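Number of protein chains: 2
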Amino acid sequence: MKIVIIGGVAAGTNAAVRARRNSEDAEIVIYDRDVDVAHAGFATHYAVGGRVDSMEELVPYDAQWFKDIYNIDVKTQHEVVKINHDEKTVIVKDLQTGKEVADQYDSLIFANGTVFGTPPVFRDKSFSNVFRIKTVQLGRELQNFINEEKPKSAVVIGAGYIGLGVSEQLTNAGLNVRTLDFLKYPMAQLDHDISTYIADILEENGVTFHGNEGVTELQENGEYLESVTTSLGNEFKADMYIVATGVRPNTELAESIGVELGETRAIKVNEKMQTNLKDVYAVGDIAEAFHAITKKPIYLPLATTASKMGRIAGDVITGGDLTFKGILGTSVVRLFGNTIAGTGMTEELARQDGFEPVVLTSVQSDHLSFMGGKDMIIKAVAHPETERLLGFQIIGPEGVERRIDVLATAMTANMKASELFDIDLAFTPPVSTPKDPVMYTGMALTNAIKNSPLITAKEMYRCIEDKDDITIIDVRDAEAYENEHLENAINIPLKEVRGRLGELDPNSRIAIYCNSGRTSYTAQRILLNRGFKEVYNLTGGLMSFKNLLHDLDNMSKMNG
Amino acid sequence: MKIVIIGGVAAGTNAAVRARRNSEDAEIVIYDRDVDVAHAGFATHYAVGGRVDSMEELVPYDAQWFKDIYNIDVKTQHEVVKINHDEKTVIVKDLQTGKEVADQYDSLIFANGTVFGTPPVFRDKSFSNVFRIKTVQLGRELQNFINEEKPKSAVVIGAGYIGLGVSEQLTNAGLNVRTLDFLKYPMAQLDHDISTYIADILEENGVTFHGNEGVTELQENGEYLESVTTSLGNEFKADMYIVATGVRPNTELAESIGVELGETRAIKVNEKMQTNLKDVYAVGDIAEAFHAITKKPIYLPLATTASKMGRIAGDVITGGDLTFKGILGTSVVRLFGNTIAGTGMTEELARQDGFEPVVLTSVQSDHLSFMGGKDMIIKAVAHPETERLLGFQIIGPEGVERRIDVLATAMTANMKASELFDIDLAFTPPVSTPKDPVMYTGMALTNAIKNSPLITAKEMYRCIEDKDDITIIDVRDAEAYENEHLENAINIPLKEVRGRLGELDPNSRIAIYCNSGRTSYTAQRILLNRGFKEVYNLTGGLMSFKNLLHDLDNMSKMNG
């Protein structure tokens, strides 16, 4: 059996190694047009920023190592230029000599990743001071430029996963950084009420962020880019530019032999990573995944999924029974000491998919606050009828990835919201709280579903806008209320609620709020237990409401 | 309805608050003989060591707060001295005035925690320089002593959860600390091959640890303890002493009315926290839990379980349907920058319970090593026939609690070993690895169960002791082999394995090892794929084997 793998990064090498672990007989060849194999290209900006000692640490293995350890033939700087699938042959071009040779396969794996998604204005252009982030080889070019030209400023175009990481690392390397995105906030895959905070983090750490602003024009000076003009008419000048506007699957070669694409324009594969063509597989950033909850196609090129898909294809080809179970779209960014992570569906996506979700926003301490524990904001989305967990987004300085991973595990196992309370999580004062944020989230979701309905900031805003007949109660103390409160809100501090129920109509619609939603929950329970018919708790409290007003650039709904 | 709760720490206050959230009608009274309510007594040593600014931060609430917010009556320094359950009355003594009054209840909750388990030699004695750790009030006494007497040295008796925490914090406070335990290693609930490392951490951080050494004699000087003599005849002198020899359930009062105890000597409760007596509940450190895997009774007094049990009892009494789902025995200690955690069953417990488990020890990096990721040691125990996850123990400087929490979640959801690979965990270079330690653990367990059997260090040691007919192959390079290797091991570096198969008998029993078990797995697969009949991989490699020899005080099985 001969396996030819096109592409030798996470997906391709994992496929090769798994195949070898199952079979000593298989002949395994990897072709990659890059100079490196199995490189950690996803970390090149960390080498630029000094978090990694040297760019070369990102290439711990070479072709000889794969030969010695796994008897796998790795041919770097070799590009598969043509495939004849009827004859099961490939034509491979040696990029150093220009020579082309034919090779044969029994199974073929497309693991040749992505090509850059380039904004129109940059298409077919190349500048000595414009860089892209993907491979270690591109990282070396960037590193050399910085070492030699000592740029003092940079414009980063695109504020996704890579754009944010690069913005942080260039800042750490001492550059003045300006980051643009044509969308309003960074990390467009998150809900607005979370991504607003990311823009704040950038600004607080010296990165100037411009949302809703794409690059529309370039001021060129030969091979040097002088400045860019944006859709808002601003001209931004910098010593260097990073175009971090994402990637798309590199499907051209696969399409040339009739490999079918999915609706995301990545290669359509089944749970065994098989394409529509017999003996042809696709794995990693070139392949389409599916969402573990909705089962719908999803394209999210990440190293975790790539290595998983590679392992599955290598296993299947050599007789194994591994299958792909889909992804939750779990993603995480570390940004100036903060972590922003999400798993599963956002509120927006859940609504698009026809769920009418319960949405909880809460503020939780990573560990006990008297031990120095810092707060994180957790947004949870669940399905009220089935109690199914739909998705989570968390932002904060500590313990974010822990909770996201626990919640991703719970979702993978199809746990219900109420079951989060049952998990026996680790507790000791420097590590967590006796009711871990995960447990608390489960409890609060369950309460909201069962008998303590929540209202989101957006819904509350609409009520106010539409002049709904709703009584809004601020249960914080009088001083906090005087300082600022929602338009039309009346003040009944929690301590006084039991004594002042007579002032309220038990048949009216009531919404209660405090700073974060905890104190108001206590008040909500009092009213509901006393027979009030319709009482809502503003989830995320004033924090969420002010965040929304900030997003809407409209602080007029606040008095005080 | 009137609910009387005896004990106002985690369990009691959670019961009270949950009852109030369900009902405004219930009259709720908490009696506690302590001066504080809802205190974080579990953290007093952190106030002593300076991790918490002031001991008073551990008492954020008082009786007035509970009255104002929850309309709960909290009577501190009030001891329930007698109960007449036929009449549903309690006699309560005001510890400040000595006066006794009667009260009445519909439901009674025992939440009165623990009493100290005192070593015989300390029984009925009290010294001005001997302290115990439990309540904030005891913490204040310890703090006062340290402030006034400025002790320079301490002996900590007991190296469990509390003993370790105190040893660390007194060291941080500048004292010379000597820690004793009558068992060989700290944290007796963990397997020896993990707890050995804890002893090393203590020593590396300046704490002198003495295992297998209990206190047998006291040298007294009035109310001052001069020194202690141990079971090994050593005399240890210090300015102060901490007795951290654990607690037992405080069941005397409950037993006086016929409340039944379980086999752990804690109060027997059902999943609704009900005792054998109608309308009598027990929650927290006084109550027996059950193990979520074995369903057998287990006693593990921890704040997480206490607050969980309290919430359930408060819910049930007021008509709710919460039930207790058992615990996994998850526990965690932070010790001089290291974290030691466990969940589920140890290997020892699994074997005692009749499982013949597959046992995996591996070394995993928290995040990418070129990003500064540090290694953790993960011991995993699973059931081979069903692939059921039985338990995990992890030790390392980073990310330990994250993996334990994910694994506890997976166990709670009854995930199989192979399903750990399917979880979509968060990845970014500063946070994790593309194959997270959890995924890797699942993959390695599955491989071990399916077709790549492991041998533990203990089994390997027995093979050598018994002079079993087994060929031991060291697949590290020649230099490492020359430096040290297992007695009788032959050296075939991994690179040479494919070329030297002819030297080996495919029908013989073979065990392969490297440093940690990863390289040897590759070699194992080559042999098995080439038709070798019986090939084992030494799990945890030389690291685990040397750890065992160290434990056995017998390095003679190593050559080189």
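Protein sequence lines correspond, in order, to chains S and A. Be aware that the first sequence starts at 669, since it is given in this note's numbering, and climbs by one per residue. Be aware that the second sequence starts at 669, since it is given in this note's numbering, and climbs by one per residue. Ideal Cβ positions, reconstructed from N, Cα and C, are used throughout, including at glycine. The structure displayed is predicted, hence computed values, not measured ones.
- Comparing alpha-carbon positions, the option among ALA955(S), ILE1160(S), ALA711(S), GLN805(S) lying closest to SER1188(S) turns out to be ILE1160(S).
- Rounded to whole angstroms, ARG800(S) and ALA912(S) show a C-alpha spacing of 6 Å.
- Interface residue (Cβ-Cβ distance to chain S less than 8 Å): ASN1183(A) is not classified as such.
- Secondary structure in the region 980 to 1041 of chain S: the beta strand (DSSP E) runs of 3 residues or longer, each lying completely within the stretch, are 999 to 1003, 1006 to 1012, 1026 to 1033 in chain order.
- The Cβ-Cβ distance between SER775(A) and TYR949(A) falls below 8 Å.
- Close partners of ARG1193(A) in chain S (Cβ separation under 7 Å): ARG689.
- With 16 or more other Cβ atoms from the protein chains shown falling within 10 Å of its own Cβ, SER1033(S) counts as buried.
- Interface criterion met: the Cβ of GLU692(A) is under 8 Å from a Cβ in chain S.
- When LEU929(S), LYS940(S), PHE904(S) are compared, the shortest CA-CA separation from LYS976(S) is found for LYS940(S).
- Ranked by Cα distance from LEU870(S), the first of GLU1202(S), THR1190(S), THR1139(S), ALA827(S) is ALA827(S).
- In the three-state DSSP reduction, GLU816(A) falls in the helix class (H, G or I).
- When secondary structure is reduced to three states using DSSP, ARG1198(S) falls in the coil class, being assigned neither helix nor strand.
- Rounded to the nearest angstrom, the Cβ distance from LEU1093(S) to ASP1073(A) is 5 Å, consistent with a contact under 8 Å.
- With a cut-off of 8 Å on Cβ pairs, the region 989 to 1004 of chain S is in contact with the region 1083 to 1102 of chain A, counting three or more such pairs.
- At a cut-off of 8 Å, the C-beta of ARG1198(A) has a neighbouring C-beta in chain S.
- For the pair TYR1129(S) and LYS1225(S), the Cα-to-Cα distance works out to about 8 Å.
- With at least 16 other beta carbons inside 10 angstroms of its own, LEU1057(S) counts as buried.
- A distance below 6 Å between beta-carbons, with the five flanking residues on each side excluded, links THR932(S) to the following residues of its chain, in chain order: GLU956, PRO965, TYR967.
- The beta carbon of GLN772(S) sits closer than 7 Å to the beta carbons of LYS670, LYS756, THR757 from its chain, once the five residues preceding and following it are set aside; these are given in chain order.
- The continuous beta strand (DSSP E) containing VAL697(A) extends over residues 695 to 700.
- Chain order gives the chain A residues near MET1039(S) as ALA711, TYR714, ARG719, VAL720, where near means a beta carbon separation below 8 Å.
- With a 10 Å radius around the Cβ and a threshold of 16 neighbouring Cβ atoms, VAL875(A) comes out buried.
- ALA683(A) sits close to ILE673(A), with the two beta carbons spaced by under 8 Å.
- Contacts between ASP1142(S) and chain A, judged by CB atoms closer than 7 Å, are missing: the closest CB pair is about 16 Å apart.
- Counting C-beta pairs closer than 8 Å gives fewer than three between the region 694 to 703 of chain A and the region 1020 to 1028 of chain S, which falls short of the contact rule.
- Residues of chain S with a Cβ closer than 7 Å to the Cβ of MET1083(A) are, in chain order, ALA1081.
- Going by DSSP, PRO1105(S) is part of the alpha helix (DSSP H) stretching over 1105 to 1118.
- Note: VAL749(A) is not bridge-paired with any residue in the DSSP secondary-structure output.
- Taking the beta carbon of GLU1069(S) as reference, the chain A residues within 8 Å of it are ARG1070, ALA1094, VAL1099, SER1100, listed in sequence order.
- For ARG686(S), the enclosing alpha helix (DSSP H) covers residues 678 to 690.
- Counting only runs that start and end inside the region 718 to 806 of chain S, the alpha helix (DSSP H) elements of at least 4 residues fall at 731 to 738.
- Within the region 998 to 1014 of chain S, THR998, SER999, VAL1000, VAL1001, ARG1002, THR1007, ALA1009, THR1011 place their CB atoms closer than 8 Å to a CB of chain A, listed in sequence order.
- The C-beta of ARG1144(S) has 16 or more other C-beta atoms within 10 Å across all chains shown, which makes the residue buried.
- By the neighbour-count criterion, in which a residue is buried when 16 or more other Cβ atoms sit within 10 angstroms of its Cβ, ASN1006(A) is buried.
- Within the region 1019 to 1030 of chain A, no residue places its CB atom closer than 9 Å to a CB of chain S.
- Remark: C-beta atoms of ILE825(A) and VAL883(A) approach each other more closely than 8 Å.
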